[in-house]
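Colleague:
Number of protein chains: 2
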Amino acid sequence: MTGRASRKPNAESGRVSGEPLTAAALDQLFRDARTYNKFLPREVPDDLLHELVDLMKLGPTSANCSPARILFAKSEAAKARLKPHLSEGNRDKTMLAPVCAIIGYDLAFYEHLPRLFPHTNAKSWFEGKDEKIRETAFRNGTLQAAYLIMAARALALDCGPMTGFDPAGVDEAFFAGTTVRSNILCNLGYGDGASLKPRSPRFAFDEIAEII
Amino acid sequence: MTGRASRKPNAESGRVSGEPLTAAALDQLFRDARTYNKFLPREVPDDLLHELVDLMKLGPTSANCSPARILFAKSEAAKARLKPHLSEGNRDKTMLAPVCAIIGYDLAFYEHLPRLFPHTNAKSWFEGKDEKIRETAFRNGTLQAAYLIMAARALALDCGPMTGFDPAGVDEAFFAGTTVRSNILCNLGYGDGASLKPRSPRFAFDEIAEII
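Residue numbers (the working numbering), protein chains in the order written: chain A, 1 to 212; chain B, 1001 to 1212.
1) Considering only heavy atoms of the ligand GTP, does any lie closer than 7 Å to the CB of A/Phe109?
2) Between the beta-carbon of B/Gly1059 and the beta-carbon of B/Gln1144, is there less than 8 Å?
3) With a cut-off of 8 Å, does the C-beta of B/Pro1084 fall near any C-beta of chain A?
4) Going by DSSP, what residues sit across from B/Cys1100 in a beta bridge?
5) Can you check the region 82-145 of chain A for any beta strand (DSSP E) of at least 3 residues that lies completely inside it and give the ranges in chain order?
6) Suppose the cutoff is 8 Å on Cβ atoms and the five residues either side in sequence are ignored; what does the same chain contact list for B/Asp1192 look like?
7) Whole angstroms are fine: how far does the CA of A/Ala23 sit from the CA of B/Cys1100?
8) Are the C-beta atoms of B/Tyr1036 and some chain A residue less than 8 Å apart?
9) Assuming contact is defined by CB atoms lying nearer than 8 Å, are B/Lys1214 and B/Tyr1105 in contact in what I supplied?
10) Starting from A/Asp54 and walking both ways along the alpha helix (DSSP H), at which residues does that stretch end?
11) Look up A/Glu172 in the DSSP assignment and give the residues it is bridged to.
12) Rounded to whole angstroms, what is the Cα-Cα separation between A/Pro118 and B/Arg1199?
13) Just checking: is the beta-carbon of B/Leu1096 within a distance shorter than 8 Å of some beta-carbon in chain A?
14) If we define contact as Cβ-Cβ less than 8 Å, is B/Thr1142 a contact residue for chain A?
15) Are the beta-carbon atoms belonging to A/Glu210 and B/Leu1071 less than 8 Å from one another?
16) According to DSSP, which residues form a beta bridge with B/Gly1193?
17) Compare the Cα-Cα distances from B/Thr1163 to each of B/Phe1175, B/Asp1054, B/Ile1184, B/Leu1096 and report the closest residue.
18) Pick helix, strand or coil for B/Arg1181, following the three-state DSSP scheme.
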């Protein structure tokens, strides 16, 4: 491929330009990665979930607002509490998954901006502006859900993200009395490749993108 | 790290379990990756933008709905058309960036579901349900924006994502007469490391996550 970065120190900045990841890494992140409905009976260690969060939280959010909040439902009790709020097709597979990450966003995220974005009064951009708060929390919490998916794949975990659940029910069961709202669920584990069907089709470049 | 995947064929599925990416790859994707306001004067080739889209489009969306639509503003004319709709702090840096990806979502995404998700009548889940359409397009288009950021980093590009712009103005300038709505802008290029300031703080695990 022409025009690519090479690992040479850049004279102007001192920065070492990176190279693209290897083909195997791109496969793991994108080309071979799939949504799994079935996982191998193999535990996801707690320290790996810590590592996952410590990566995903580094992804960019607007004004570093970082609204995502995550409950990793790993115990049978936690998964049973989730079960009645899942759409029927998501129930059994989630009960059998090693972990289900309940990914929400905190509508009070802006209270933390004096710490997260200290060089200006970013909190004042949001106070009293409910629609802007909701949109910012939803957009950035969703970006962070995608960072979690990509970080999981980078750590050799497989994902089964879902939006087929009753958000009000999940909020009542897990976030009652808080300002957190559920957004996306993501089963995590080591996927059972035997359960995969062929990947659904994707658009061609020209159908969804243009260089102008 | 205990309990990690090893590259052994799995007897049950035939699948070869992956290993975590190397520390250098995790650095490139997350730990050393930063939001850049300034880029080196170095072109981003068109074929790299094609490769970028061909990776990001593989990321998961609900019912494979794939609502993201991307205009890569690379010409001076396209960037000049964008300029008046950027918030002041985003103007000059975007004019100087090699490319600005205008990432939108198509509110008519469900028209494509018979092709993208052919095994059921998913189109009927959305027809006539404006709020569900809007929420699904926004959520999944935002997931895809994050996939684009991660794919760009995987290809050794640097990103400068932004939401500081007038969406109505961008829609009028670039998506008039279509069902596409702008969501996130993302400058792309080879970042100038000399322009970086220290990374803003992040939450600790226990402040945003819990294993239950």
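Glycine residues also receive a C-beta, built at the ideal position from the N, C-alpha and C atoms.
Bear in mind that the values here come from a model prediction, so they are computed numbers and not experimental data.
Modeller: This is what the structure holds:
1) Of the ligands one can find in the structure shown there are none, so the ligand GTP has no counterpart to examine.
2) For the purposes of this step, residue 1059 of chain B is taken as residue 59 along the second sequence, with counting starting at 1. For the purposes of this step, residue 1144 of chain B is taken as residue 144 along the second sequence, with counting starting at 1. In contact: B/Gly1059 and B/Gln1144 (Cβ atoms closer than 8 Å).
3) Residue mapping note: residue 1084 of chain B aligns to position 84 of the second sequence, counting from 1. Judged by the 8 Å Cβ criterion, B/Pro1084 is not in contact with chain A.
4) The sequence position of residue 1100 of chain B within the second sequence is 100, counting from 1. Its beta-bridge partners are B/Ala1073, B/Asn1187.
5) 99-106
6) As a working mapping, residue 1192 of chain B is identified with position 192 in the second sequence. The answer, listed in chain order, is Tyr1036, Lys1038, Phe1039, Leu1040.
7) Indexing the second sequence from 1 puts residue 1100 of chain B at position 100. Indexing the first sequence from 1 puts residue 23 of chain A at position 23. Spanning the two alpha carbons is a distance of roughly 26 Å.
8) Locating residue 1036 of chain B in the second sequence gives position 36, where the first residue counts as 1. False, the Cβ-Cβ gap to chain A never drops below 8 Å.
9) For chain B, the structure presents residues 1001 to 1212; residue 1214 of chain B sits outside this window and is missing.
10) Counting from 1 along the first sequence, the entry for residue 54 of chain A is found at position 54. Start and end: 46-56.
11) Residue 172 of chain A sits at position 172 when you count from the first residue of the first sequence. Answer by DSSP bridge pairing: none, since A/Glu172 is not bridged.
12) In the first sequence, the residue the question calls residue 118 of chain A occupies position 118. In the second sequence, the residue the question calls residue 1199 of chain B occupies position 199. Looking at the two C-alpha atoms, the distance is approximately 12 Å.
13) Sequence index remark: in the second sequence, residue 1096 of chain B carries index 96 (1-based). Cβ-Cβ to chain A under 8 Å: no for B/Leu1096.
14) Here the question's residue 1142 of chain B lines up with position 142 in the second sequence. Yes, contact with chain A.
15) One-based indexing of the first sequence puts residue 210 of chain A at position 210. One-based indexing of the second sequence puts residue 1071 of chain B at position 71. Cβ atoms of A/Glu210 and B/Leu1071: closer than 8 Å.
16) Position 193 of the second sequence, counted from the start, is the residue given in the question as residue 1193 of chain B. Paired residue(s): none; B/Gly1193 is not in a bridge.
17) Residue numbering aside, residue 1163 of chain B sits at position 163 when the second sequence is read from its first letter. For the residues B/Phe1175, B/Asp1054, B/Ile1184, B/Leu1096, the minimum Cα distance to B/Thr1163 belongs to B/Ile1184.
18) Sequence index remark: in the second sequence, residue 1181 of chain B carries index 181 (1-based). Strand, per DSSP.
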